[in-house]
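Okay, structure first, notes after.
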Amino acid sequence: MTLEHTLSQKTIEALQSLYGASIEKVSFEKTNPDFEGDLTLVVFPFLKVSKKKPEDTATEIGNYLENNLAEIASFNVVKGFLNIVIADSFWLNYFKSINGRSFIKPAPENAPVVMVEYSSPNTNKPLHLGHVRNNLLGFSVSEILKAAGNKVIKTNIVNDRGIHICKSMLAWQLFGNGETPASSGMKGDHLVGKYYVEFDKQNNIEALNLLHTTNRNKVNNLSIEDSVKLVQFELGDEKINNMMVNYHLSKSTPEENKALLEFFKNKTPLMQNAQDMLRKWEAGDKDVRALWETMNGWVYDGFALSYKMLGVDFDKIYYESNTYILGKNIIEDGLAKGVLKRRPDNSVYADLTAEGLDEKTLLRSDGTSVYMTQDLGTALERAKEVNFDKHIYTVGNEQDYHFKVLFLILKKLGYKWADELYHLSYGMVELPDGKMKSREGTVVDADELMDEMIATAKKTAEELGKAQDLDEADKEHLYKTVGLGALKYFMLKVDPKKKMLFNPSESIDFNGNTAPFIQFNYVRICALLRKAKEGLLNFEDVDVFTHNIHLLPKEKELLVKLHGFDAVLKQAAAELNPSLIANYVYDLAKEYSQYYHETNILKESEKDLIMFRLQLSNTIGIAIKSGMGLLGIEVPERM
RNA sequence: GAUUCCGUAGCUCAGUUGGAUAGAGCAACUGCCUUCUAAGCAGUAGGUCGCGCGUUCGAAUCGCGCCGGGAUCACCA
């Protein structure tokens, strides 16, 4: 039973006893720092039942609580606010119960099983900043769920097939001259990404050529009306065709030119070849499959390094090349149940207009499946394989609609686990000039960014004269811990739902509300405890609670803060929101930093107080380390 | 156009189950390393919480309407 809970219960009792009112729920909040007290009850809502002035009501409730709860030392009333002061003895007892202990308990045997899907990269290009946010979020949410008493299965579905993969393959075949990661010294994913960009470049050139030559002579010699008819015939699209006429008459707008180019990009010989390659892949063509295996292998080698650097991992990896066929039997089932309908052209769709959504096609008229069909199939497969209690998809908010539809269709098909599917929808990472576009090269590469962070950590440490007594290997590890810590914290301290801005020209801070600040405070605690032990102060073995300890205001604040750990963890797990943990740990570290500056610990004259303060510091260190661990951030012992 | 998310200090963000005088960090300025690690601490300055109306004892928070921004609305993935 938490303190707040006890207080609420007693207050309900008080209202009953004083005014004969049955109130179901009352809640306390943290007292505003400008007033004396720890917890505050706002009594305005109870004036209706007390029929008295706010001050009198608050005083009466205060008296009742003070008389009935030993935890309450005193109270004061300001207007309609009842401020309650919790006794030191309560905080000391609380501290006794957590002193030196871990803040995170292992999940029980019968814990609910939660699947967390995250990362989900394409194998045609390296990871970028957007993936970094996804990976860090997915990993951190998994850790938080584990700490909150769940069994977590981390999964990754790799998008390893499709036209985009063929683009890289084809470009490599045409322009690669047999280049390999070994021969070029490039990381595999970067090498493949290079050819993906190359494809786009070459295809643009071909599309421009097509645009210039298509119907040029014919159009110039015809009336506009006739040319429209002619081009319409050849291109089969009225809108394009009108733009085309405008283009040749030099009357087209920039938007039209862009649309035309997009149109022709899909008509180039290069694109035809890529599509041909995809068909061969689907038919199981030996050479295409071999090339695919090889190039994907390069990419996986590259990803493995990036994942290792980021510190994320997976329990189960799915590949779309295995799952893209799934889902077709769902269609049959859906048709039989009347949830899905077939159009005259044989395509199958779900009619979601009654739910305020659109008609969603699930099977093309040629019988092939779409993205949604695969996702339906994959979900079903997983539900069969793993008896999960909850399934979380960590995917950007641009796919909000997709998941709404996916969950709705599964629900309509009657799967009861459909209610346990959850889309952890996070905002895009934007650059100062807008969204990142991989084809346009406006991406922040994950590997480069991580390397830069580590280099900056090194440079900063050297400038500050830090870590001089460490050997080289420890130094390298420290730079990695600090640099990547700064990056991870930077990404995770923002509410996942919100889009976030990253300015590459401003380096990520190492001061203030950052991981290095938190790590620094952990290091200070470690240094303090080391010194204590060198001075033969074995604080861990001493029971300081036999003595009467008077808490300093800051010590009480720190205990209040520690007391909040479980509630924050619970909320973070419920909301799937690591930023709550990040901000909590920062607040804790900041308060400790203030405490450290204004309080003598080893220099205190009373030995009991030294021991108490060491134990408090130790426990705060544990809380910091636990909290950072939930974010996937390491804490060093020296820096 | 429809749906949806968002708009808080110069910048990046907290605070949103309605509560007291809206908080941090960065950047700027002022102090503090012979005292447990200065990636620190203390302080100054910086706000019509996009705008308006409404509900309420009380609104950054709830409702409605504007203004501004993002995302989505494919037989693409």
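Using our numbering, read the first sequence as starting at 12 and increasing by one per residue. Ideal Cβ placement from N, Cα and C applies to all residues, glycine included. For clarity, every value in this text was computed on a predicted model and none was experimentally measured.
1. For Ala158 versus Ser637, is the C-beta spacing smaller than 9 Å?
2. Would the beta-carbon of Asn79 fall within 9 Å of that of Ser131?
3. Once you ignore the five residues that flank Ser376 on each side, which residues in its own chain have a CB closer than 7 Å to its CB?
4. Taking DSSP as the reference, what is the three-state secondary structure of Asn87?
5. Which first and last residues belong to the alpha helix (DSSP H) in which Met439 is found?
6. If you count every other CB in all the chains shown that lies within 10 Å of the CB of Arg649, and 16 or more means buried, which is it?
7. Have a look at Asn549 and His608 and give me their C-alpha separation to the nearest angstrom.
8. Expressed to the nearest angstrom, what Euclidean distance is found between the alpha-carbon atoms of Asp444 and Lys542?
9. Can you tell me the Cα-Cα spacing of Leu281 and Met511, whole angstroms?
10. Compute the Euclidean distance between the alpha carbons of Asp296 and Leu302, then round it to the nearest angstrom.
11. Is the beta carbon of Glu82 sitting closer than 9 Å to the one on Leu14?
12. Using the rule of at least 16 other Cβ atoms within 10 Å of the residue's Cβ for burial, across every protein chain shown, is Ala294 buried or exposed?
13. Within the segment 145-187, note down every full alpha helix (DSSP H) run reaching 4 residues or more, in order along the chain.
14. For Ser651, count neighbouring C-beta atoms within 10 Å of its own C-beta (all shown protein chains included) and say buried if the count is 16 or more, exposed if not.
15. Taking the alpha-carbon of His223 as reference, which of Thr279, Glu35, Ser179 has the nearest alpha-carbon?
16. If I measure Cβ to Cβ from Phe210 and keep anything under 8 Å in the same chain, skipping five residues before and after, which residues do I get?
17. Buried or exposed: Ala390, going by 16 or more other Cβ atoms within 10 Å of its Cβ?
18. Pairing CB atoms from the segment 319-336 with CB atoms from the segment 146-158, are three or more of them under 8 Å?
19. Please determine whether the Cβ atom of Ala526 lies at a distance below 8 Å from any heavy atom of the ligand ATP.
20. Should Ser85 be labelled buried (16 or more other beta-carbon atoms within 10 Å of its own) or exposed?
21. Can you give me the Cβ contacts of Tyr30 inside the same chain, cut-off strictly under 7 Å, excluding the 5 residues immediately before and after it?
22. Sorted by chain position, which residues of the same chain lie with C-beta nearer than 8 Å to Thr630's C-beta, five sequence neighbours on each side aside?
23. Please confirm if the segment 480-488 is in contact with the segment 517-536, defined as three or more CB-CB distances below 8 Å between the two stretches.
24. Could you check the C-alpha separation between Ala466 and Leu316 for me, to the nearest Å?
25. Assuming Tyr360 and Thr372 make a contact with CB atoms under 8 Å, what is their CB distance in whole Å?
26. Going by the beta-carbon positions, is the gap between Ala472 and His139 smaller than 9 Å?
27. Assuming contact is defined by CB atoms lying nearer than 9 Å, are Glu66 and Leu50 in contact in what I supplied?
28. Determine, using beta carbons only, whether Ile115 and Leu18 come nearer to each other than 9 Å.
29. Over the uninterrupted beta strand (DSSP E) stretch that includes Lys352, give me the two end residues.
30. Residues in the same chain with beta-carbon distance under 7 Å from Ile644, minus the five sequence neighbours each way, listed in chain order, please.
31. One question on the structure: do Met197 and Val163 come within less than 9 Å of each other, judged by their Cβ atoms?
32. Does the beta-carbon of Gln385 have 16 or more other beta-carbons within 10 angstroms, so that it is buried, or is it exposed?
33. By alpha-carbon positions, which one of Lys567, Pro564, Leu569, Tyr595 ends up nearest to Val579?
34. Alpha carbon to alpha carbon, how far is Thr42 from Leu58? Give it in angstroms, no decimals.
35. Quick one: what's got a C-beta closer than 6 Å to Lys401's C-beta in the same chain, skipping five residues either side?
36. Does the segment 198-206 come into contact with the segment 306-313, if we say contact requires no fewer than three beta-carbon pairs (one atom in each stretch) closer than 8 Å?
This is what the structure holds:
1. yes
2. Going by C-beta atoms, Asn79 is not nearer than 9 Å to Ser131.
3. Asp356, Asn357, Ser358
4. strand
5. Segment: none, Met439 is in no alpha helix (DSSP H) and carries neither H nor E.
6. By the beta-carbon neighbour count (other beta carbons within 10 angstroms, threshold 16), Arg649 is exposed.
7. 23 Å
8. 50 Å
9. 37 Å
10. 10 Å
11. yes
12. exposed
13. 174-186
14. Residue 651 cannot be examined here, being either before or after the span of the chain that is shown, 12 to 650.
15. Thr279
16. Here the set comprises Lys178, Ser179, Leu181, Ala182, Leu281, Ala285.
17. In this structure Ala390 is buried. Its beta-carbon is surrounded by 16 or more other beta-carbon atoms within 10 angstroms.
18. Yes, the segment 319-336 is in contact with the segment 146-158.
19. No copy of the ligand ATP occurs in the structure displayed, which carries no ligand at all.
20. By the neighbour-count criterion, in which a residue is buried when 16 or more other Cβ atoms sit within 10 angstroms of its Cβ, Ser85 is exposed.
21. Val60, Ser61
22. Phe106, Ile109, Asn110, Gly111, Arg112, Leu573
23. no
24. 18 Å
25. 5 Å
26. no
27. Taking 9 Å as the cut-off, the beta carbon of Glu66 is found no closer than this to the beta carbon of Leu50.
28. Cβ atoms of Ile115 and Leu18: not closer than 9 Å.
29. 351-353
30. Gly496, Lys499, Tyr500, Ala526
31. It is not a contact, given that the beta carbons lie outside the stated cut-off.
32. By the 10 Å Cβ count, Gln385 comes out buried.
33. Closest option to Val579, Cα to Cα, is Tyr595.
34. 20 Å
35. Val125, Glu431
36. yes
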